[in-house]
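> The structure follows.
4 protein chains.
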Amino acid sequence: MPKNTFFNLPKDKINKIIEVSIDEFAEYSYNNASINRIVEAADIAKGSFYQYFEDKKDLYKYIIEEAEKKKLSYLMDVVDKQYYSNYFKSLKELYLAEMKFAMNSPKLSIIILDLEKSNDNSLKREILGDTYNVNKVYEELLLKGIDNRDISDDIDIKLNTFLLGSLNISILEYYMYEVNLDFEQATKYIDNIVELFKNGIKDKKRLVRNVEDRFY
Amino acid sequence: MPKNTFFNLPKDKINKIIEVSIDEFAEYSYNNASINRIVEAADIAKGSFYQYFEDKKDLYKYIIEEAEKKKLSYLMDVVDKQYYSNYFKSLKELYLAEMKFAMNSPKLSIIILDLEKSNDNSLKREILGDTYNVNKVYEELLLKGIDNRDISDDIDIKLNTFLLGSLNISILEYYMYEVNLDFEQATKYIDNIVELFKNGIKDKKRLVRNVEDRFY
Amino acid sequence: MPKNTFFNLPKDKINKIIEVSIDEFAEYSYNNASINRIVEAADIAKGSFYQYFEDKKDLYKYIIEEAEKKKLSYLMDVVDKQYYSNYFKSLKELYLAEMKFAMNSPKLSIIILDLEKSNDNSLKREILGDTYNVNKVYEELLLKGIDNRDISDDIDIKLNTFLLGSLNISILEYYMYEVNLDFEQATKYIDNIVELFKNGIKDKKRLVRNVEDRFY
Amino acid sequence: MPKNTFFNLPKDKINKIIEVSIDEFAEYSYNNASINRIVEAADIAKGSFYQYFEDKKDLYKYIIEEAEKKKLSYLMDVVDKQYYSNYFKSLKELYLAEMKFAMNSPKLSIIILDLEKSNDNSLKREILGDTYNVNKVYEELLLKGIDNRDISDDIDIKLNTFLLGSLNISILEYYMYEVNLDFEQATKYIDNIVELFKNGIKDKKRLVRNVEDRFY
DNA sequence: CATGAATGAGCATTCATTCAT
DNA sequence: CATGAATGAATGCTCATTCAT
């Protein structure tokens, strides 16, 4: 947690520091982010930084937490406001919420993605251990889906939660880096993915053609 | 490309340099890999390094290319040797081939994954732009599957290629970091994923319960 | 000297500052003691510190002086209360008094030892120049011992005073760092040392063996 | 150990670095010595320093080892060349040898003293653990003295070894800091101390005056 | 073609002290 | 008189790259 000295700063200064830090962590990852660049861009003395924050990790943790809070608020809007009727409908809405978050706060989204993709597991555990894990939301939804018999009960829950999370990340990355989707395209996009999850991509119109196919 | 001086070296030396570099890039990522450590471990002079390679990136590129070649050889074994009978069967075999690669060359696998997950897009473009992209294999298979009517022809090809690649990465990561699968478990694992791709996870045993569900 | 603002503080605060400073100077030496840590532990504002004390050295001086006063009080107890009968008896009692001080106020003892062992002579002169020197006690005793003909009058007074002080320090260090003496053992210890001072370690039982020995 | 890069340097450069380092460690202690100052004074690049030495401690260790070697050579001259006839004679010569060392290499002498007086026991163990301990020489001599019946056999060996070492340090310090002795004075000085060790300072001319004195 | 010394900017972090409020 | 933000030089150490021999 940042020290009180940080929170006691004038709002302008607080915001500038946060903004600059977000820029830095979004452009570089945790390891390669530079306190030197941050203090220079934020126009504060090097010593001041360490009066606001314990160390680099302290700042990073704070940024991650704020980002996760914001992201979670997008998801909770969906979870809270909605009457659950069907797993796939909810899933679609969650994905859309995430995409909205990524559209509105692309840098925060990148920072979170960065950490999630990181190989530094001790860092991940230290940072993400604290925050309420977003993955929980997906797991809970999956369980509800099974309860409701929307989803086949012979699936591997752990595996599917992992896949949902992975796809989630993939979707966001696809969105953020590879194409410049507008919201409409993104929606279509998500429809496709949820449809994949629901029914697969097997051509159901055609008949089984040969014996071998029965096994696949 | 490494300079000729590199390729003219005795094979022992070449191999040692490659081996040491693989170790370094697998343990640290591109940014944090240290030429200092590499030359020390490879027991070559600092100056020699820069007579073999243009710079750090040159070496990295070379390692990545060799890794991709090796990985591709695993995939091409499947593609070439096999009589195509069914998309999902082939997909499963590709995934298995990748997993074999990861089992036999875990460090190369990690290095490739690392780059694929990287946010440094200019780096990615520079490095991966050159190599024959592994993703092509998946795209070609997908097209064959549609031709063969194994797969519904109304899917978004680009999107699904991307998803296949993403899941591919996820699977490998799950395999490499999160659990200690043996080959048998891995196979079951892949079965699950391909089944997901094929039929989705919707509970097909139950009847439609309410009107709304018809839309999802 | 601390400023008046310091002495006007409520006693609780004064004591806390002193206590915290003693902890700091005992754990780190003067150079490595940190005002940052002190103000944090003492729960006072950084600025306040500099309203109580001129600077770091001012605080240090104060702590040293208080420590020396306390140590001196242990010695003066011996000197005052006691009827002088014999040099070696008094010496032993002084050493014991010092050890009592070290037992009761180990941190103060360490701080004093630290300064005495320091190489920063300008610091030593600046700090110890002011205080009434504990060594004086030993010197006065030595003179009394010569007057009383307990001690041979052909010894070098300055040298022996210095040696007494050095041994004094050594004893305390041996006591504080190297072994965990209880008081009884410490007493035996001191007996040995005083005996050394009194009669030396020459084997008096044996006869002179050869001519050369006469000269040593 | 310094790296080969260091020993391969031209002698001039090696000597300058050593000289500068000795100056630094003699003026400041290990903790407060500054690599920045050293590289500046030695006129080498910061990066070069770390190509010569592993780190600050590596340099320090090297300096200490060289200093101990030199000091030991003074002592071994005495031990080797001399026919042992009497403990106190040998002791005197050892003290004189140390003083010669201190006169010829005052800075090295200070550096060694500094470490010996340090409270950082883990540092001491790490650094001094390697070198042949000079104290051994004193202990061996003491044992020889007892064997030879020069010294009373009822003394506490461990304690006396410690005292000999302490006095040794004290003498050197006295010599180095407090007065400017010439060699002649120093010799007299040592005579006094050895005499103290031999016979103590009790006035042997006078008769026991009272009962109490019998016990002291 | 091999060598390895030289370089200086860069890193995160700590420090004692000042000063406006 | 209390406060605590501001300061910038200092710390030990690592880095990729250059270049003279």
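Residue numbers (our numbering), protein chains in the order written: chain A, 325 to 540; chain B, 325 to 540; chain C, 325 to 540; chain D, 325 to 540. Backbone N, C-alpha and C fix where the C-beta goes; we use that ideal spot for every residue, glycine too. Source: prediction; values computed, not measured.
(1) Could you give the DSSP three-state label for residue 441 of chain D: helix, strand or coil?
(2) Hey, would you say residue 391 of chain D sits closer than 8 Å to residue 342 of chain D, going by beta carbons?
(3) Which residue comes first and which comes last in the alpha helix (DSSP H) that contains residue 519 of chain C?
(4) Closer than 8 Å by C-beta to residue 363 of chain B: which residues in its own chain qualify, once you throw out the five before and the five after it? Chain order, please.
(5) Could you please give the first and the last residue of the uninterrupted alpha helix (DSSP H) stretch that includes residue 361 of chain D?
(6) Would the segment 469-478 of chain D and the segment 416-426 of chain D be scored as touching if the rule is three or more Cβ pairs under 8 Å?
(7) Scan the segment 354-379 of chain D for residues whose Cβ lies nearer than 8 Å to a Cβ of chain C and list them as they occur along the chain.
(8) List the residues of chain A whose Cβ lies closer than 9 Å to the Cβ of residue 453 of chain B, in chain order.
(9) Please state the DSSP three-state secondary structure of residue 526 of chain D.
(10) So with Cβ pairs under 8 Å, would you call residue 513 of chain D a contact of chain C?
(11) Of all the CB atoms in chain D, is at least one closer than 8 Å to the CB of residue 441 of chain C?
(12) Answer with yes or no whether the minimum CB distance from residue 532 of chain D to chain C is below 8 Å.
(13) Relative to the C-alpha of residue 334 of chain C, which candidate in C:510, C:490, C:376 has its C-alpha closest?
(14) In the DSSP assignment, find the alpha helix (DSSP H) that holds residue 459 of chain C and state where it starts and stops.
(15) Ignoring anything shorter than 4 residues or poking outside the segment 372-456 of chain B, list the alpha helix (DSSP H) runs there in chain order.
(16) Pull up the distance between the alpha-carbon of residue 490 of chain C and that of residue 449 of chain D, whole angstroms please.
(17) Does the distance from the CB of residue 365 of chain A to the CB of residue 344 of chain A come in under 8 Å?
(18) For the alpha helix (DSSP H) containing residue 490 of chain B, list its first residue and its last residue.
(19) Apart from the five residues on each side of it in sequence, which residues of its chain come closer than 8 Å, Cβ to Cβ, to residue 388 of chain C?
(20) In whole angstroms, what separates the C-alpha of residue 384 of chain C from that of residue 446 of chain C?
(21) Using DSSP's beta-bridge definition, name the partner residues of residue 338 of chain B.
(22) Where do the ends of the alpha helix (DSSP H) carrying residue 328 of chain D lie?
(23) Cβ of residue 433 of chain B within 8 Å of Cβ of residue 488 of chain B?
(24) Give me whichever residues DSSP pairs with residue 475 of chain D in a beta bridge.
(25) Ordered along the chain, which non-local residues of its own chain (more than five positions away) have a Cβ less than 6 Å from that of residue 402 of chain B?
(26) Identify whether residue 269 of chain B lies in helix, strand or coil by the three-state DSSP scheme.
(27) Using the rule of at least 16 other Cβ atoms within 10 Å of the residue's Cβ for burial, across every protein chain shown, is residue 612 of chain B buried or exposed?
(28) Determine the closest residue to residue 517 of chain B out of A:521, A:442, A:516, with distance taken between C-alpha atoms.
(29) Please tell me whether residue 386 of chain D and residue 430 of chain D are closer than 8 Å, where the distance is taken between their beta carbons.
(30) Quick one: list the residues of chain A neighbouring residue 468 of chain B, beta-carbon separation under 7 Å, in chain order.
(31) Going by DSSP in three states, residue 369 of chain C sits in which element: helix, strand or coil?
(32) By how many angstroms is the C-alpha of residue 361 of chain A removed from the C-alpha of residue 348 of chain A?
(33) Figure out for me which residue from A:469, A:396, A:479, A:441 has the closest Cα to the Cα of residue 413 of chain A.
(34) Quick test of your reading: residue 523 of chain D and residue 526 of chain C, contact by CB under 8 Å. State the CB separation rounded to the nearest angstrom.
(35) Within a Cβ cutoff of 8 Å, which residues of the same chain sit near residue 367 of chain C, ignoring the five residues on either side of it in sequence?
(36) Pick from D:512, D:355, D:352, D:480: whose alpha carbon is nearest that of residue 478 of chain C?
Reading off the structure:
(1) helix
(2) no
(3) 507-523
(4) 369, 370, 372, 373
(5) 359-366
(6) no
(7) 355, 356
(8) Near residue 453 of chain B there are no residues of chain A at all, since even the closest Cβ is about 14 Å away, more than 9 Å.
(9) strand
(10) yes
(11) yes
(12) The pLDDT assigned to residue 532 of chain D is 48, lower than 50, so where the model puts this residue is not dependable; a value taken from the coordinates is nonetheless given after this. No, because no Cβ of chain C sits closer than 8 Å to the Cβ of residue 532 of chain D.
(13) C:376
(14) 458-471
(15) 380-405, 411-428, 430-441, 445-452
(16) 23 Å
(17) yes
(18) 481-497
(19) 435, 436, 439, 451, 452, 455
(20) 14 Å
(21) Paired residue(s): none; residue 338 of chain B is not in a bridge.
(22) 328-331
(23) no
(24) C:526
(25) 417, 418, 421
(26) The requested residue 269 of chain B is not part of the displayed model; chain B covers only 325 to 540.
(27) Any property of residue 612 of chain B remains undetermined from this structure, which presents chain B solely from 325 to 540.
(28) A:521
(29) no
(30) Going along chain A, no residue has its Cβ under 7 Å from residue 468 of chain B, so there is no contact; the nearest lies around 13 Å.
(31) coil
(32) 8 Å
(33) A:469
(34) 6 Å
(35) 340
(36) D:512
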